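Novice: Numbering (our numbering), first residue to last: 4 to 214.
1) To the nearest whole angstrom, what separates the beta carbons of residue 55 and residue 97, a pair I think is in contact under 8 Å?
2) Out of 90, 78 and 111, point me to the one whose CA is closest to residue 70's CA.
3) Return helix, strand or coil for residue 98, following the three-state DSSP convention.
4) Might you give, ordered along the chain, the residues of its own chain that have their beta carbon closer than 6 Å to the beta carbon of residue 122, omitting 5 neighbours on each side?
5) For residue 114, write down the residues that DSSP places opposite it in a beta bridge.
6) Express the C-alpha separation of residue 116 and residue 99 in angstroms, rounding to a whole number.
7) Within 10 angstroms of its Cβ, does residue 128 collect 16 or more other Cβ (buried), or is it exposed?
8) Please identify the residue among 185, 167, 109 and 179 whose C-alpha is closest to the C-alpha of residue 142.
9) Just to confirm my understanding: we take residue 48, look at its own chain, exclude 5 residues before and 5 after, and list those with CB closer than 6 Å. What are they?
10) Cα-Cα, which of 164, 196, 208 and 203 is closest to residue 177?
11) Spatial neighbours of residue 86 within its chain, please: C-beta separation below 7 Å, excluding the five flanking residues on both sides.
12) If distances are taken between C-alpha atoms only, which option among 39, 186, 213 and 131 comes closest to residue 200?
13) Less than 9 Å between the beta carbons of residue 130 and residue 74, yes or no?
14) If we count the other Cβ atoms within 10 Å of its Cβ and call it buried at 16 or more, is residue 102 buried or exposed?
15) Which same chain residues, not among the five before or five after residue 88, have their C-beta less than 7 Å away from its C-beta?
16) When DSSP builds the beta bridges, which residues end up paired with residue 106?
17) Residue 3: which of 58, 66, 107 and 147 sits nearest, CA to CA?
18) Residues in the same chain with beta-carbon distance under 7 Å from residue 211, minus the five sequence neighbours each way, listed in chain order, please.
19) Let me check understanding here. Comparing Cα to Cα, which of 57, 59, 58 and 155 lies closest to residue 205?
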């Protein structure tokens, strides 16, 4: 039976160890901000389901026929959340993310990141810098590999790392004025297949290209 999406649900607690997602404050960790006003001044970080429907509308409705476990959107305003983006003159970053909690430590996140009017247009290189800095800063990540493969006929920036027995792959590429992000995590255990992990990465990339 296909599960209906639970917006801002409890799956984030299970996905909190996905360091690449946690650093990005995307859909897989933390909790939505009940008092968040997406149209107000950007003085504090916040996120909620439906906060930025235009960004959420760029996310795929399903992954291999399964709707996401959670979908929400928000913005980063504080220096801590913006991290390396602040060095490029950005003081408001908006994002939307959909998370599929596949159980057993496996998860997929598909996200869209952009800057609003009045901010510098987001560059793919800045998103790459942000994620790589987060991976390197984590005390649990190891074997960080960076490459630029061509997948599904597009060149992507890829980070692959092992994080506390979780194999994680992150893809970044640009589409118009926004930057797309895919993160796939597979728990390393007997029976786990690298080929199956890579197939999930490709499936997420393909899904992200058909909202």
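C-beta atoms are modelled at their ideal positions from N, C-alpha and C, and glycine is treated no differently.
Note that the structure is a prediction, hence the values are computed from the model and not measured.
Specialist: This is what the structure holds:
1) On the chain shown, residue 55 is found 52 positions in, with the first residue counted as 1. On the chain shown, residue 97 is found 94 positions in, with the first residue counted as 1. The pair is a contact, with the Cβ atoms about 6 Å apart (cut-off 8 Å).
2) As a working mapping, residue 70 is identified with position 67 in the chain shown. The candidate whose alpha carbon is nearest that of residue 70 is 111.
3) For the purposes of this step, residue 98 is taken as the residue at position 95 of the chain shown. Note: residue 98 maps to strand in three-state DSSP.
4) Position 119 of the chain shown, counted from the start, is the residue given in the question as residue 122. Contacts found: 93 and 95.
5) The residue given as residue 114 occupies position 111 in the chain shown. Paired residue(s): 100 and 184.
6) Residue 99 sits at position 96 when you count from the first residue of the chain shown. Residue 116 sits at position 113 when you count from the first residue of the chain shown. If I take the Cα positions, the gap works out to 7 Å.
7) Start at 1 with the first residue of the chain shown, and residue 128 comes out as number 125. With fewer than 16 other Cβ atoms within 10 Å, it is exposed.
8) By one-based count along the chain shown, residue 142 stands at place 139. Residue 142 has its Cα closest to that of 167, out of 185, 167, 109 and 179.
9) Position 45 of the chain shown, counted from the start, is the residue given in the question as residue 48. Contacts found: 79, 80, 81 and 84.
10) Position 174 of the chain shown holds residue 177. Closest option to residue 177, Cα to Cα, is 208.
11) Mapped onto the chain shown, residue 86 falls at position 83. Taken in chain order, the residues that qualify are 133 and 136.
12) Here residue 200 refers to the residue found at position 197 of the chain shown. Taking only the C-alpha atoms, the option nearest residue 200 is 186.
13) Along the chain shown, one-based indexing puts residue 130 at 127. Along the chain shown, one-based indexing puts residue 74 at 71. No, these two residues do not count as a Cβ contact at 9 Å.
14) For the purposes of this step, residue 102 is taken as residue 99 along the chain shown, with counting starting at 1. With 16 or more Cβ atoms within 10 Å of its Cβ, residue 102 is classed as buried.
15) Sequence index remark: in the chain shown, residue 88 carries index 85 (1-based). 96, 129 and 133.
16) Here the question's residue 106 lines up with position 103 in the chain shown. According to DSSP, residue 106 bridges with 109.
17) This structure does not reach residue 3, given that the chain is present from 4 up to 214, and the question cannot be answered.
18) Within the chain shown, numbered from 1, the residue matching residue 211 stands at position 208. Hits under 7 Å: 63, 113, 183 and 185.
19) Start at 1 with the first residue of the chain shown, and residue 205 comes out as number 202. If we check each option's Cα against that of residue 205, 155 comes out closest.
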